[in-house]
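Novice:
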Amino acid sequence: KNEVEQSPQNLTAQEGEFITINCSYSVGISALHWLQQHPGGGIVSLFMLSSGKKKHGRLIATINIQEKHSSLHITASHPRDSAVYICAVPYSGGSNYKLTFGKGTLLTVNP
Amino acid sequence: EAQVTQNPRYLITVTGKKLTVTCSQNMNHEYMSWYRQDPGLGLRQIYYSMNVEVTDKGDVPEGYKVSRKEKRNFPLILESPSPNQTSLYFCASSLTGTSGYYEQYFGPGTRLTVT
Numbered sequence: 027k028n029e030v031e032q033s034p035q036n037l038t039a040q041e042g043e044f045i046t047i048n049c050s051y052s053v054g055i056s057a058l059h060w061l062q063q064h065p066g067g068g069i070v071s072l073f074m075l076s077s078g079k080k081k082h083g084r085l086i087a088t089i090n091i092q093e094k095h096s097s098l099h100i101t102a103s104h105p106r107d108s109a110v111y112i113c114a115v116p117y118s119g120g121s122n123y124k125l126t127f128g129k130g131t132l133l134t135v136n137p
Numbered sequence: 330e331a332q333v334t335q336n337p338r339y340l341i342t343v344t345g346k347k348l349t350v351t352c353s354q355n356m357n358h359e360y361m362s363w364y365r366q367d368p369g370l371g372l373r374q375i376y377y378s379m380n381v382e383v384t385d386k387g388d389v390p391e392g393y394k395v396s397r398k399e400k401r402n403f404p405l406i407l408e409s410p411s412p413n414q415t416s417l418y419f420c421a422s423s424l425t426g427t428s429g430y431y432e433q434y435f436g437p438g439t440r441l442t443v444t
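Written out as structure tokens, the structure reads:
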């Protein structure tokens, strides 16, 4: 089973700060998901990436397949970015659709 | 509006009483999946389906059944619920393809309590 480690577990920032959340995994993969879960529970898919970098607004996700590591960056953070951020990877070296998840990073952005 | 719907949203039941949580998507997605979320354990995959009549176990399938008779629906069945199945359940769907990777769309969640 792919072991997924996210860091930090909790992160508190001031509005405007640059945020980095990290995800490391133990088994080589071909793609990784980043998810966002706001208080109240709804889950939204932010990125699915297999190489390099993707950008959506103030969010940037990078992945280094060789180092088995991905980062999620938030530029100019805002209180509405407060949420739990979760990475997900394939459970093993097989199907991309059987997934295992990190325990999440709780981000709080204060005004 | 593209969406994944789950019903019921909240359910309190008793041990051993069979129940079904429905999941439906209107995006013609091949892939559907069920997850449970528990404090301290995070999200875990229960079952997933790559298409009609094609289902496979996720990380924690014990105590659950699924079926995929129609592309849009993927119900989760608890034949004999137990208190350790008290959890927040999410259904999700996505496209599939060998040439690319696709984001998942999540339902709003079903909070199940088994007493």
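Residue numbers (our numbering), protein chains in the order written: chain Y, 27 to 137; chain H, 330 to 444.
C-beta: ideal position from N, C-alpha, C; glycine also.
These numbers come from a predicted model, not from an experiment.
Could you spell out the range, first to last residue, of the beta strand (DSSP E) harbouring Lys155(Y)?
Specialist: Residue 155(Y) is absent from the structure shown; chain Y starts at 27 and stops at 137.
Novice: Answer yes if the segment 352 to 362 of chain H comes into contact with the segment 412 to 424 of chain H, meaning at least three C-beta pairs across the two stretches below 8 Å, and no otherwise.
Specialist: Touching, yes.
Novice: Quick check on Glu359(H) - is its C-beta less than 7 Å from some C-beta in chain Y?
Specialist: Judged by the 7 Å Cβ criterion, Glu359(H) is not in contact with chain Y.
Novice: Is there contact between the segment 104 to 124 of chain Y and the segment 391 to 407 of chain H, where contact requires at least three CB pairs shorter than 8 Å?
Specialist: In short, these stretches do not touch, since the Cβ pair count stays below three.
Novice: For Tyr377(H), return the contacting residues in chain Y, with the cut-off set at a CB-CB distance below 7 Å.
Specialist: Near Tyr377(H) (Cβ distances below 7 Å), the residues of chain Y are Tyr123 and Lys124.
Novice: By a C-beta neighbour count over all protein chains shown, 10 Å radius and 16 as the cutoff for buried, is Phe435(H) buried or exposed?
Specialist: With 16 or more Cβ atoms within 10 Å of its Cβ, Phe435(H) is classed as buried.
Novice: Would you verify that the beta carbon of Ser52(Y) is, or is not, closer than 7 Å to some beta carbon of chain H?
Specialist: No, its Cβ sits nowhere closer than 7 Å to a Cβ of chain H.
Novice: Where are the beta strand (DSSP E) runs, 3 residues long or more, that stay fully inside the segment 32 to 66 of chain Y, in chain order?
Specialist: Entirely contained in the segment 32 to 66 of chain Y, the beta strand (DSSP E) runs reaching 3 residues are, in chain order, 36 to 40, 45 to 51 and 58 to 63.
Novice: Decide if Ile341(H) is buried, meaning its Cβ has at least 16 other Cβ atoms within 10 Å, or exposed.
Specialist: Exposed, because fewer than 16 other Cβ atoms sit within 10 Å of the Cβ of Ile341(H).
Novice: Below 7 Å between beta carbons: does that hold for His99(Y) and Ile86(Y)?
Specialist: Yes, these two residues count as a Cβ contact at 7 Å.
Novice: Between Asn402(H) and Glu93(Y), what straight-line distance do the alpha-carbon atoms span, to the nearest angstrom?
Specialist: Rounded to the nearest angstrom, the two C-alpha atoms are 39 Å apart.
Novice: How many Å lie between Arg84(Y) and Ala102(Y) at the Cα?
Specialist: If you take the alpha carbons of Arg84(Y) and Ala102(Y), they lie about 7 Å apart.
Novice: Can you tell me the Cα-Cα spacing of Asn413(H) and Ala331(H), whole angstroms?
Specialist: Using only the alpha carbons, I get a separation of about 33 Å.
Novice: Is the Cβ of Glu432(H) closer than 7 Å to any Cβ of chain B?
Specialist: Structure shown: chain B not included; protein chains present are Y and H.
Novice: How big is the Cα-Cα spacing for Val26(Y) and Glu29(Y)?
Specialist: Only positions 27 to 137 of chain Y appear in the structure, and residue 26(Y) is not among them; the question remains open.
Novice: Any idea if Tyr339(H) is buried or exposed, counting beta-carbon neighbours within 10 angstroms, 16 or more meaning buried?
Specialist: Classification for Tyr339(H): exposed.
Novice: Measure the Cβ-Cβ separation of Leu75(Y) and Val110(Y) and say whether it is below 7 Å.
Specialist: Their beta carbons are not under 7 Å apart, which means Leu75(Y) does not touch Val110(Y) by this criterion.
Novice: With 7 Å as the threshold, decide whether the Cβ of Phe127(Y) is near any Cβ in chain H.
Specialist: Taking Cβ atoms only, chain H reaches closer than 7 Å to Phe127(Y), which makes this a yes.
Novice: Using a C-beta to C-beta distance shorter than 8 Å, which residues of chain H count as neighbours of Tyr117(Y)?
Specialist: Correct list: Gln374, Gly387 and Asp388.
Novice: Check the Cβ-Cβ distances between Ile91(Y) and every residue of chain H, and say whether any is below 7 Å.
Specialist: No, no contact with chain H.
Novice: Taking just the CA atoms, how far does His82(Y) sit from Ser362(H)?
Specialist: Their Cα atoms are separated by approximately 25 Å.
Novice: Give me the chain H residues within the contact set of Ile112(Y), using Cβ-Cβ distance strictly less than 9 Å, ordered along the chain.
Specialist: Here the neighbours are Gly371 and Leu372.
Novice: Under the assumption that Pro410(H) contacts Val443(H) (Cβ atoms under 8 Å), give the Cβ distance between them as a whole number of angstroms.
Specialist: Confirmed, Cβ separation roughly 4 Å.
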